[in-house]
Structure formats: structure tokens, C-alpha cells
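Worksheet: one structure, shown below.
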Amino acid sequence: QESLRKGGKNWKVSTSRGLESSDVGTLGEHPPYNVAVARERQSISSSHNDGDSKDATTPIDEYFEGVQREFHSRRRKGTSYRLWPLDKLRLELDEAWQFGAGLAREQKDPRRAFGGGLPRIMRGPTRWKGFIHVDDLGPLDSSRGLFSANIYLTVPDADANKHTNTNPDAGALYIWPLGVRSRLDWYRNAITLSSLSAQDPESQLVLRKALGTPNVIHPKPGDLVLLCAQRPHCAV
Numbered sequence: 006q007e008s009l010r011k012g013g014k015n016w017k018v019s020t021s022r023g024l025e026s027s028d029v030g031t032l033g034e035h036p037p038y039n040v041a042v043a044r045e046r047q048s049i050s051s052s053h054n055d056g057d058s059k060d061a062t063t064p065i066d067e068y069f070e071g072v073q074r075e076f077h078s079r080r081r082k083g084t085s086y087r088l089w090p091l092d093k094l095r096l097e098l099d100e101a102w103q104f105g106a107g108l109a110r111e112q113k114d115p116r117r118a119f120g121g122g123l124p125r126i127m128r129g130p131t132r133w134k135g136f137i138h139v140d141d142l143g144p145l146d147s148s149r150g151l152f153s154a155n156i157y158l159t160v161p162d163a164d165a166n167k168h169t170n171t172n173p174d175a176g177a178l179y180i181w182p183l184g185v186r187s188r189l190d191w192y193r194n195a196i197t198l199s200s201l202s203a204q205d206p207e208s209q210l211v212l213r214k215a216l217g218t219p220n221v222i223h224p225k226p227g228d229l230v231l232l233c234a235q236r237p238h239c240a241v
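In C-alpha cells form, the structure reads like this:
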């Protein structure tokens with residue numbers, strides 16, 4: 006209902022050409038952090054050129070302020086308060102994981118917490134049957150990593166897709182088991198990996214040919230999918 010009322014804001018992705026539109030929209034009081042960082046860089050560049058004051062609120066400040074508004078608005082229902090799904094997920098992860106699962110904090114000001122997640126909307130058909138990407142190009146490390154938690158609320162009807170021209174995998178998640186674990190591995194696969202930082206048909210064709218057949222996950226409403234976001238993946 007919220008997506009129908011507000012429509013969502015496009016989640017722009019960082020590429021070698023800067024920020025570009027994607028097939029995903031977000032709901033909520035703040036943009037994704039990568040968008041705020043890119044806007045900050047643009048703001049700094051323009052202020053150097055124009056001589057603007059440094060006292061103005063920056064996109065990073067707006068992000069952290071929006072995070073607090075998001076927490077309060079999601080938890081409040083009428084005159085009472087409740088946990089919303091991402092709060093519950095963090096609590097359960099904190100209880101299950103021996104090292105805990107709290108919100109990340111800004112290094113220069115630990116009082117400012119990062120967002121715990123954003124509702125996302127993907128309306129198909131998607132470009133290239135899903136945009137293959139990684140959220141971090143760094144080598145895999147057994148002691149640390151970047152992970153994504155996705156709670157699916159609604160997905161396309163798989164049975165209906167079979168009887169139409171819709172891609173039968175619409176709503177699926179593709180994950181390629183690529184494991185770059187050292188800088189040497191990275192340089193050996195530099196041509197393929199460089200395509201992960203571009204958003205164009207040619208790069209997507211290179212990736213699909215080089216990566217081969219993905220692991221396919223067909224989530225259902227209510228499912229939680231945890232994945233290492235350093236592995237190539239796409240939502241179809």
C-alpha cells in the first residue's frame with residue numbers, strides 16, 4: 006500500500022560513470038548510504054567551484070537524520086509503538102550470532118547509527134533479466150565480509166508466469182559462486198570483475214558468459230535470504 010501511495014525513489018547504483026538509475030525503488034525517510042556518499046562528493050566538488058559555505062547541512066548529515074526519522078516512523082502505530090520486521094531480524098540475529106548484531110556506527114561520530122535497512126520495490130520486467138553486481142569488489146575473507154539480509158514480502162506468481170510471456174524466473178534471486186580470495190585472484194579475473202562496476206548491456210553479456218550458470222533461489226513471501234554480497238548476484 007505504501008508503494009502505491011508514494012511510488013518510491015529510485016535506488017541509484019554507483020558505476021564507473023557515476024550514479025545511474027536502477028530497476029529498484031526504495032521507500033522511507035532516507036536514501037541508501039551509497040547515494041548519500043555520492044551526493045556528498047558532488048556537493049564538495051560544486052562548493053569548491055562555487056565557493057559555497059561549509060556550514061550547510063551535508064547529504065551525509067541528512068542521511069543520518071533521516072535514519073532516526075525512519076526508525077521512529079516505522080515503530081510507531083497510532084499512539085503505540087511496535088517492532089517492525091527489520092528490528093525483529095536484528096534482535097534474532099543478535100541472539101543467534103556469538104558476536105552480536107548491532108547497527109554500524111559512523112567512525113568519526115559513534116553517536117550516529119547507520120540505517121538498519123530499507124523497503125525496496127522492483128517492478129519488472131527488469132533490464133537484462135536482472136542486473137548482475139556485487140556490493141563490494143574486495144576479495145573474500147574468512148574473518149569478515151559484507152552480507153545482505155532480504156525479507157521478501159511479495160513476489161511474482163510463479164504459476165502465472167508459466168502461462169504468459171513473463172520470464173519464468175521473475176522474482177528469483179541469482180547468485181554466482183565466484184570466490185575471489187586474494188589480490189592475485191582479483192588480477193587474474195580483472196577483465197571480468199571490472200564489468201561488475203559498469204551498468205551497460207555489453208558488460209552484462211560479458212558477465213553472463215564468464216560466470217556461467219548461477220544458483221537460483223525462488224523466494225516466497227515471508228522468506229529471509231542471507232547472502233554474501235561480495236559474490237555476483239542479481240534479482241530477476
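In this text, residue positions in the sequence shown follow our numbering: the first is 6, and each later residue adds one. Every residue gets a Cβ at the ideal spot worked out from N, C-alpha and C, and that includes glycine.
For a test of the three-state rule: what should DSSP assign to residue i, helix, strand or coil?
i, result
"residue 152", "strand"
"residue 85", "strand"
"residue 117", "coil"
"residue 137", "coil"
"residue 123", "coil"
"residue 15", "strand"
"residue 109", "coil"
"residue 198", "helix"
Taking the straight line between their C-alpha atoms, what separation do you get for residue i and residue j?
i, j, result
"residue 227", "residue 234", "20 angstroms"
"residue 41", "residue 32", "15 angstroms"
"residue 207", "residue 136", "12 angstroms"
"residue 117", "residue 73", "9 angstroms"
"residue 212", "residue 200", "7 angstroms"
"residue 190", "residue 142", "12 angstroms"
"residue 69", "residue 173", "40 angstroms"
"residue 162", "residue 88", "29 angstroms"
"residue 114", "residue 67", "14 angstroms"
"residue 93", "residue 51", "41 angstroms"
"residue 215", "residue 222", "20 angstroms"
Would a C-beta distance cut-off of 7 angstroms place residue i and residue j closer than the cut-off?
i, j, result
"residue 178", "residue 240", "yes"
"residue 230", "residue 224", "yes"
"residue 232", "residue 196", "no"
"residue 205", "residue 127", "no"
"residue 71", "residue 34", "yes"
"residue 26", "residue 39", "no"
When you compare each of the options to residue i by their alpha carbons, which one comes out closest?
i, options, result
"residue 90", "155, 219 and 39", "155"
"residue 148", "218, 72 and 104", "104"
"residue 107", "30, 95, 128 and 113", "95"
"residue 122", "79, 143 and 99", "79"
"residue 64", "44, 216 and 190", "44"
"residue 210", "52, 138 and 30", "138"
"residue 194", "125, 109 and 144", "144"
"residue 146", "109, 140, 62 and 186", "186"
"residue 124", "36, 220 and 18", "36"
"residue 77", "218, 120, 99 and 109", "120"
What first and last residue would you give for the alpha helix (DSSP H) that runs through residue i?
i, result
"residue 72", "64 to 80"
"residue 192", "188 to 193"
"residue 211", "206 to 216"
"residue 229", "Segment 229 to 233 is the beta strand (DSSP E) holding residue 229; no alpha helix (DSSP H) there."
In the DSSP assignment, find the beta strand (DSSP E) that holds residue i and state where it starts and stops.
i, result
"residue 221", "220 to 222"
"residue 29", "29 to 31"
"residue 91", "Per DSSP, residue 91 belongs to no beta strand (DSSP E); it is in the alpha helix (DSSP H), 90 to 101."
"residue 179", "178 to 180"
"residue 240", "238 to 240"
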